[in-house]
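To start, the structure itself, in structure tokens.
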Amino acid sequence: MLRTFASDNNAPVAPEILQALVEANRGDAVGYGHDPFTAAAIARLRGEFGADADVFFAFNGTGANVMALSAVLRPYQAVVAPATAHLNVDECGALERFAGCKIVAIAAPDGKLRPADLAPLAGKAPDAHHVQPRVISISQATEFGTLYTPDELRTLCSFAHEQSWIVHLDGARIANAAAAQSIGLRAATRDLGVDILTLGGTKNGLMFGEAVIFFDPALHGGAAEFARKQTTQLASKMRFVAVQFDALLQDGRWRRYAAHANAMAARLADRVAGIPGVSITRPVEINALFATLDRAAIERLQAEFYFYVLDQTRPEVRWMTSHATREQDVDAFADALVRALKPV
16 MLRTFASDNN
26 APVAPEILQA
36 LVEANRGDAV
46 GYGHDPFTAA
56 AIARLRGEFG
66 ADADVFFAFN
76 GTGANVMALS
86 AVLRPYQAVV
96 APATAHLNVD
106 ECGALERFAG
116 CKIVAIAAPD
126 GKLRPADLAP
136 LAGKAPDAHH
146 VQPRVISISQ
156 ATEFGTLYTP
166 DELRTLCSFA
176 HEQSWIVHLD
186 GARIANAAAA
196 QSIGLRAATR
206 DLGVDILTLG
216 GTKNGLMFGE
226 AVIFFDPALH
236 GGAAEFARKQ
246 TTQLASKMRF
256 VAVQFDALLQ
266 DGRWRRYAAH
276 ANAMAARLAD
286 RVAGIPGVSI
296 TRPVEINALF
306 ATLDRAAIER
316 LQAEFYFYVL
326 DQTRPEVRWM
336 TSHATREQDV
346 DAFADALVRA
356 LKPV
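Quick note on numbering: the numbering used here labels position 57 of the sequence shown as 72, and the sequence is numbered without any gaps.
Below, the structure written as structure tokens:
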């Protein structure tokens, strides 16, 4: 069966993760995280990120982001994020509804924030007429598949901390970013100054589930447990979320899955780069490829493969690979692209 190229969300569950779920499905376990599976997963994540890391499992990325931010914000405070951020564009106003907080969207053509983008918000005295910036929320990798270098992220975090701002990282694809930069998960986040991480699992082989990790538990002051419940992210059968993360972090699976997805995107880029009528529009740094091509060719290609047109005006498409994408899938897609571009 051919794979789709729309999103890594469409991929099947990785076999090792599915087996972990089967093994966790034997007998009873106390609900709401009071079980040995959840304890083991938290211990493994603390082994990765630090013994003082505060870990909270959630169902999905939107809920995890809202839960994480709700725990550290007051309604008069704001989250500063790129205008292209998933939090701002694709979460249906969830943060505004549940936290009552405004998102201050900053133009970011490549999806990345820099200290110069934040400088106009810095150093201002509190004013009751205006929301007060409290959290900087960024994505790594970004929604355009671009990456902050470690130096860029360290510099951004340092600037934010100078303003007493908290840095939240939406890590839906942090595994792809870390694999692409040949560094570990902690080295890609906490060690660079990130305060709160939403650790993605669904896009990296899991059936469902994300983890919110506070590197300084004092930031939420005990509010995270309540925020998770209020945002409907407290799983009664927590073991089935937790055991997936335990399995994902065993034997470097997270890196293997992500590195394979990245490699398949690189293969696809190599295959399509020389095809007349195709223009790759952004750097291929993780498992995402953005390109422009003729509208009629897009329609013909979509008759064979499922993928998204993200910008209808250009038009610009996004092709994504996953841990389950095979070399033959990439090659079949590239061959279909050549056929789609032939004059009718």
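C-beta: ideal position from N, C-alpha, C; glycine also.
With respect to the beta strand (DSSP E) encompassing residue i, which residues constitute its N-terminal and C-terminal limits?
{"i": "residue 226", "result": "225-229"}
{"i": "residue 151", "result": "147-154"}
{"i": "residue 323", "result": "323-326"}
{"i": "residue 45", "result": "From DSSP, residue 45 is part of no beta strand (DSSP E); its letter is neither H nor E."}
Quick check on the DSSP output: the alpha helix (DSSP H) that includes residue i runs from which residue to which?
{"i": "residue 2", "result": "For residue 2 there is no data in the structure shown, the boundaries of the chain being 16 and 359."}
{"i": "residue 366", "result": "With the chain represented from 16 up to 359, any question about residue 366 goes unanswered, as that position is not in the structure."}
{"i": "residue 285", "result": "268-287"}
{"i": "residue 35", "result": "30-39"}
{"i": "residue 166", "result": "165-177"}
{"i": "residue 345", "result": "342-356"}
{"i": "residue 191", "result": "189-195"}
{"i": "residue 62", "result": "51-64"}
{"i": "residue 380", "result": "What is shown of the chain runs 16 to 359, which leaves residue 380 out entirely."}
{"i": "residue 243", "result": "238-245"}
{"i": "residue 133", "result": "130-133"}
Could you compute how far the alpha carbon of residue i sits from the alpha carbon of residue j?
{"i": "residue 328", "j": "residue 311", "result": "14 Å"}
{"i": "residue 81", "j": "residue 247", "result": "10 Å"}
{"i": "residue 17", "j": "residue 289", "result": "23 Å"}
{"i": "residue 197", "j": "residue 358", "result": "43 Å"}
{"i": "residue 214", "j": "residue 76", "result": "9 Å"}
{"i": "residue 159", "j": "residue 23", "result": "14 Å"}
{"i": "residue 245", "j": "residue 112", "result": "12 Å"}
{"i": "residue 255", "j": "residue 268", "result": "18 Å"}
{"i": "residue 217", "j": "residue 29", "result": "10 Å"}
{"i": "residue 227", "j": "residue 187", "result": "11 Å"}
{"i": "residue 347", "j": "residue 210", "result": "42 Å"}
{"i": "residue 325", "j": "residue 21", "result": "10 Å"}
{"i": "residue 225", "j": "residue 219", "result": "10 Å"}
Which residue's Cα is closest to the Cα of residue i: the options?
{"i": "residue 332", "options": "323, 196, 351", "result": "323"}
{"i": "residue 356", "options": "57, 307, 281", "result": "307"}
{"i": "residue 151", "options": "142, 136, 143", "result": "136"}
{"i": "residue 273", "options": "211, 300, 226, 105", "result": "300"}
{"i": "residue 285", "options": "304, 269, 268", "result": "304"}
{"i": "residue 102", "options": "57, 130, 154, 56", "result": "154"}
{"i": "residue 163", "options": "246, 240, 298, 142", "result": "298"}
{"i": "residue 83", "options": "22, 46, 114, 95", "result": "114"}
{"i": "residue 128", "options": "250, 156, 338", "result": "156"}
{"i": "residue 100", "options": "112, 120, 337, 38", "result": "120"}
{"i": "residue 320", "options": "326, 334, 141", "result": "334"}
{"i": "residue 93", "options": "118, 105, 112", "result": "118"}
{"i": "residue 66", "options": "96, 232, 133", "result": "232"}
{"i": "residue 132", "options": "227, 149, 186, 97", "result": "97"}
{"i": "residue 116", "options": "105, 126, 145, 134", "result": "145"}
{"i": "residue 123", "options": "39, 161, 140", "result": "161"}
{"i": "residue 143", "options": "90, 60, 337, 30", "result": "90"}
{"i": "residue 270", "options": "353, 191, 185", "result": "191"}
{"i": "residue 280", "options": "287, 291, 302", "result": "302"}
{"i": "residue 5", "options": "330, 336, 317, 287", "result": "This structure does not reach residue 5, given that the chain is present from 16 up to 359, and the question cannot be answered."}
{"i": "residue 317", "options": "141, 326, 352, 296", "result": "352"}
{"i": "residue 49", "options": "219, 313, 239, 250", "result": "250"}
{"i": "residue 296", "options": "59, 313, 330, 46", "result": "330"}
Under 7 Å Cβ to Cβ from residue i, same chain only, skipping five residues before and after it: list those, please.
{"i": "residue 63", "result": "200, 201, 264"}
{"i": "residue 56", "result": "257, 258, 260, 261"}
{"i": "residue 282", "result": "342, 345"}
{"i": "residue 27", "result": "339"}
{"i": "residue 277", "result": "191, 194, 195, 301, 302"}
{"i": "residue 78", "result": "246, 247, 248"}
{"i": "residue 205", "result": "64, 65, 230"}
Across which residues does DSSP place residue i in a beta bridge pair?
{"i": "residue 212", "result": "184, 228"}
{"i": "residue 117", "result": "93"}
{"i": "residue 307", "result": "294, 331"}
{"i": "residue 72", "result": "226"}
Under 8 Å Cβ to Cβ from residue i, same chain only, skipping five residues before and after it: list those, please.
{"i": "residue 235", "result": "69, 86, 87, 229, 242"}
{"i": "residue 176", "result": "182, 208"}
{"i": "residue 294", "result": "306, 307, 308"}
{"i": "residue 110", "result": "80, 81, 84, 85, 94, 102, 116, 118"}
{"i": "residue 165", "result": "196, 198, 202, 203, 207"}
Skipping 5 residues on each side, what residues in its chain have a beta carbon closer than 6 Å to that of residue i?
{"i": "residue 315", "result": "355"}
{"i": "residue 178", "result": "137"}
{"i": "residue 25", "result": "19"}
{"i": "residue 126", "result": "97, 99, 157, 158, 159, 161"}
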